[in-house]
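Written out below as structure tokens is the structure these notes cover.
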Amino acid sequence: RDKESSVDCYAFATRGDDTLFSSFVNAMVIATIHAQEIGATRKTSTRMPLMSLFGNKFLWAMRDAVSYGGNYDELYENNFGSRFDRGRNEVNSHSGPQLLAPVKISSSNDVDRGC
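Per this note's numbering, the very first residue in the sequence shown carries number 1372; after that it's consecutive.
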């Protein structure tokens, strides 16, 4: 494969039979996007609101996710650097709503590698 033209697909994957955990993972991804939109970084994660999406026992979860990994840009740069054009991976914070990637639910026998 030509390294310059190859496409690698990265995604969060959770078990299909654990919808609560899948929802939690999705909320953490959205937390990193929200952190970027409000200007919160790993160092300023206390700007993140405490939210009770999963009950009062987890008020801290979104704030801690940003405290540990940073906002969306920080996570992207730490994992992929600036070697790629961000394209659809750019947070759309100045021109309308953020569009999340479409999701295809598939069985283990029907994996979509179209990214």
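Just so you know, even glycine gets a beta-carbon here, dropped at the ideal spot from N, CA and C.
- Nearest-angstrom Cβ-Cβ length linking Thr1403 and Ala1436, presumed shorter than 8 Å: As a first step, residue 1403 must be located in the sequence shown, where it is residue number 32. As a first step, residue 1436 must be located in the sequence shown, where it is residue number 65. Yes, they are in contact, since the Cβ atoms of Thr1403 and Ala1436 sit about 7 Å apart, within 8 Å.
- Task: Consult DSSP for Thr1418 and reduce its assignment to one of helix, strand or coil.
- Result: Counted from its first residue, the sequence shown places residue 1418 at position 47. It is Arg, not Thr, that sits at residue 1418 in the sequence shown. In this structure, Arg1418 counts as helix in the three-state DSSP scheme.
- By Cβ distance, which residues of its chain are closer than 8 Å to Val1462, with the 5 residues on each side in sequence left out? Translated into the one-based positions of the sequence shown, residue 1462 becomes position 91. The beta carbon of Val1462 sits closer than 8 Å to those of Ile1404, Gln1407, Glu1408, Tyr1443, Asp1444 and Gln1469, all from its chain and outside the five residues before and after it, given in chain order.
- Item | Phe1451 (DSSP reduced to helix, strand or coil) | Walking along the sequence shown from the start, residue 1451 turns up at place 80. Assigned with DSSP and collapsed to three states, Phe1451 falls in helix.
- Considering Ser1393, what are the terminal residues of the alpha helix (DSSP H) in which it resides? Within the sequence shown, the letter at position 22 stands for residue 1393. Segment Thr1390 to Ile1409, the alpha helix (DSSP H) holding Ser1393.
- CB contact flag (Met1422, Ala1411, <8 Å): By 1-based counting over the sequence shown, the position of residue 1422 is 51. By 1-based counting over the sequence shown, the position of residue 1411 is 40. Result no, Cβ atoms of Met1422 and Ala1411 do not sit closer than 8 Å.
- Under a three-way DSSP split, which group does Gly1440 fall into? Counting from one through the sequence shown, the residue named residue 1440 turns up at place 69. Looking at Gly1440 - three-state DSSP - the assignment turns out to be helix.
- Task: Tell me, to the nearest whole angstrom, how far the beta carbon of Leu1446 is from that of Gly1452; I am working on the premise that it is less than 8 Å.
- Result: Locating residue 1446 in the sequence shown gives position 75, where the first residue counts as 1. Locating residue 1452 in the sequence shown gives position 81, where the first residue counts as 1. Taking the Cβ atoms as the reference, Leu1446 lies roughly 12 Å from Gly1452, outside the contact range of under 8 Å.
- Query: Going by alpha carbons, who is nearest to Thr1390 out of Ala1432, Lys1414, Asp1456 and Phe1425?
  - Reply: Here residue 1390 corresponds to residue number 19 of the sequence shown, with the count starting at 1. It is Phe1425.
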